[in-house]
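Numbering (UniProt numbering), first residue to last: 1 to 864. Right, one structure below, let's go through it.
Set out below in structure tokens:
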């Protein structure tokens, strides 16, 4: 039986290049030589060697075996292939079987190591045709005494067979012969592979049937080794035979040998997985130690939170790092995925602007005597547009979506109540808060105060992120409950005496004045249907992206445009139902303030009558500190979440510069009666997720990895511009039911919970330990201790919610900040250092909610 393995180093677009090269796996030797065999053979000079391409790539591995058919004729046949996982050809159907993890016999690995240690190893062979390669291989086999000189012609004939039926006998060999070949550059060998892929590596194993070795298993062994990331990187970088043997030893160090036993099932699988994780962890520790000895990369040296010790040094460094990539921020936006993101994030940004604006107007309008209404939808839309466009043009991390948030809404309500009770002009007080905000942020960034975000651990980040997501979910059901209160379920065949009819219906049977419409039949049910429909369509179209239906491009397009499809579907559904009233978006006409009879665009710092108290001008620094803490915490935490290493952002972030732009813009906006904005967590994470590109070609059965994120300024700028333009196209937006935006609220809140480890640990509270997933914090922390950590987070979350919902809401920023010392000083006394590292480390578990996203696998079909 004969076996051969064709190993392909991919350079084309079919598979992704490996960006990071782990060169420490190969032990470089000063005595290592590149083997070239030929008639005019001579050692290459060092100048030539430096030009050789040793860059590792992902590999496609194909196993061909020399088999005998029923007519006793020999031919090469492809029997298996590897793209990380193994796929075997089913003999009955000639189709590819299910991708699976290759299991190897220990003896086959030992035999492979033995053959490589005694066989022919040709590194960087300068040949571009199969006959030339075969000639060099045979010559080296003769030189290494593996075959006899008289066998040259027969071995050449066997090597050059390729899917052709030729009569041949192979008993002429006395012993197995092997050759491992790495070509100087990848070349297309049409007669070797069934697919047009350049070949860089070949492994040839020939021998008599009487030899006491299993050719098939050895072929599977070398194929599995080459599909292993560490080994094939070592094969690219090897200088000599010993480098390959060292890489095999490293592979064996992380492999498991199972003794013959009748034990099976989940217990065996669990023990295998745990043992292998421990061995891989040891290898990872060794890699970290070796990497620590090497010089740090420029990215490590250029930590955005590292203090420079100079005045405004952080802001200057942020600008120097980010602005040279300014042109690419516009080139990288030329993608259909960016257009889908613009449509989705536009509604995601417009929804909070209108909903929070309505809530703000409602809070400021409906307190007791209903005489105010100083800030509403108009002001919030204009602030979102102006500050959003400014930030996208100047910010260091334009993936952040600048918007209004729940904590700021709580502060506005509390400060308004304080001003009413103290008989102080509310908008003038906000103007002085804005002035102090500018002073505070300038002093902070001057002394690089953003480094304090280092102390905001995962403990606080998860609590805050969960709180923001909870606000989105709560507001959805709160507003739906309000609709059910205004339109209680009742009989459709009669109207109560206190019912209010539609005042002057339009041509399609709808009312232009929602505030005068009450007790409409079926309104609550239709609103619930629109909310649930928008949520579930968007949710399942996202899941549809992972399914096996339709071609991959169509599937991805449907998934990317899932939210716009959901919105359009529900708007059309509402439009088709003529006899049921639903509340529509309330968009102002033109660029006018909400209450033009009570205020103008410019707020005088001395008040409308010039008698604003001087003591309040000074005392405004206290509420300014509260607002600054809210903006600082939410913006910086959002930046931390968006910029996590597993998102693979390459253009960096600017904590100092972004904070300066957002706070200064908000402070100046307060002089015009516009609300302060912050880096909105849920919208920013959703924005980054919508621009994430997953790998298109992955191993069968494997999950795709993040390939890139479209880091650019165009999507955020267009979203802010369209939000501002919404006032001009108000007639169109007034056809959108408010319940559809509730569905978007719910979708963003629920999807944002997916990437929070706290959410997973909350679910574990309700699961028996035997059903817990195999996460690091589950395996290395006792169950009760893990639950205690989760409960302490929930207690902090509950305290924040209570403070936010009561008259003590002004203290919310201080309570949020207190979670930082609570984590650093109290939890360190309750939990061990190892437990905290497992539960609270930034890299404890991946936190990207798109990690489960699947993409199409470009399958290479078997030839007919």
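Every residue, glycine too, gets a C-beta built ideally from N, C-alpha and C.
Just to confirm my understanding: we take residue i, look at its own chain, exclude 5 residues before and 5 after, and list those with CB closer than 6 Å. What are they?
i           : result
residue 395 : 658 and 661
residue 248 : 113
residue 778 : 772
residue 747 : 535 and 538
residue 486 : 518
Which residue comes first and which comes last in the alpha helix (DSSP H) that contains residue i?
i           : result
residue 331 : 328-331
residue 759 : 757-764
residue 705 : Per DSSP, residue 705 belongs to no alpha helix (DSSP H) and is neither H nor E.
residue 383 : 377-394
residue 199 : Per DSSP, residue 199 belongs to no alpha helix (DSSP H); it is in the beta strand (DSSP E), 199-206.
residue 489 : Here residue 489 belongs to no alpha helix (DSSP H), and DSSP marks it neither H nor E.
residue 251 : 241-253
residue 226 : 215-227
residue 670 : 655-670
residue 576 : 562-576
residue 815 : 812-821
Could you round the C-beta distance between residue i and residue j to whole angstroms and report it? I think they count as a contact, below 8 Å.
i           : j           : result
residue 738 : residue 583 : 5 Å
residue 333 : residue 710 : 7 Å
residue 465 : residue 836 : Not a contact, Cβ separation roughly 19 Å.
residue 667 : residue 435 : 7 Å
residue 450 : residue 314 : 6 Å
residue 717 : residue 389 : 6 Å
residue 813 : residue 629 : 4 Å
residue 175 : residue 219 : Going by Cβ atoms, the distance from residue 175 to residue 219 rounds to 17 Å, so no, they are not a contact pair.
residue 727 : residue 375 : Not really, about 15 Å apart at Cβ, beyond 8 Å.
residue 404 : residue 675 : 6 Å
Using DSSP with H/G/I as helix, E/B as strand and the rest coil, what is residue i?
i           : result
residue 713 : coil
residue 519 : coil
residue 424 : coil
residue 534 : helix
residue 682 : helix
residue 780 : coil
residue 640 : helix
residue 453 : helix
residue 89  : strand
residue 472 : helix
residue 121 : strand
residue 876 : Because residue 876 is not part of the residues shown, which for the chain are 1 to 864, the question remains open.
residue 442 : helix
residue 737 : strand
residue 96  : strand
residue 403 : strand
residue 325 : helix
Could you check where the beta strand (DSSP E) with residue i kicks off and where it finishes?
i           : result
residue 185 : 177-187
residue 128 : Looking at the DSSP string, residue 128 is not in any beta strand (DSSP E), and its letter there is neither H nor E.
residue 676 : Neither: residue 676 is in no beta strand (DSSP E) and is coded neither H nor E.
residue 786 : Run containing residue 786: none in the beta strand (DSSP E); it sits in the alpha helix (DSSP H), 783-805.
residue 615 : Taken as a continuous stretch (DSSP letters only), residue 615 belongs to no beta strand (DSSP E), being part of the alpha helix (DSSP H) at 614-619.
residue 79  : 74-83
residue 867 : In the structure as shown, the chain begins at 1 and stops at 864. Residue 867 is therefore absent and cannot be evaluated.
residue 60  : 59-68
Leaving out five residues on either side along the sequence, give the residues of the same chain with a beta carbon under 7 Å from the beta carbon of residue i.
i           : result
residue 68  : 74
residue 624 : 433, 436, 437 and 440
residue 867 : There is simply no residue 867 to check, as the chain begins at 1 and stops at 864 in what is shown.
residue 427 : 374, 599, 603 and 673
residue 350 : 723 and 726
residue 342 : 715, 718 and 719
With a CB to CB cut of under 8 Å and the five nearest residues on each side skipped, what residues in its chain are close to residue i?
i           : result
residue 456 : 633, 636, 637, 640 and 820
residue 823 : 457, 459, 460 and 840
residue 731 : none
residue 29  : Interpretation of residue 29 is limited by its pLDDT of 34, a score under 50 that renders its predicted location unreliable; the figure taken from the coordinates is listed afterwards. Only 239, 240, 242 and 243 meet the Cβ criterion.
(message) Below 8 Å, how does it come out for the stretch 406-416 and the stretch 803-822: are there three or more Cβ pairs, yes or no?
(response) yes
(message) With three or more beta-carbon pairs closer than 8 Å as the criterion, would you say the stretch 113-131 touches the stretch 171-189?
(response) yes
(message) Could you check whether the stretch 200-214 touches the stretch 86-104, counting it as contact only if at least three pairs of C-beta atoms, one from each stretch, sit closer than 8 Å?
(response) no
(request) Mind the definition here: the stretch 530-548 touches the stretch 734-749 only if three or more C-beta pairs lie below 8 Å; say whether that holds. (result) yes
(message) Using a Cβ distance threshold of 8 Å, determine whether the stretch 752-768 contacts the stretch 798-805, with at least three qualifying pairs required.
(response) no
(message) Assess contact between the stretch 534-544 and the stretch 311-326, defined as three or more Cβ pairs (one per stretch) separated by less than 8 Å. Is contact present?
(response) no
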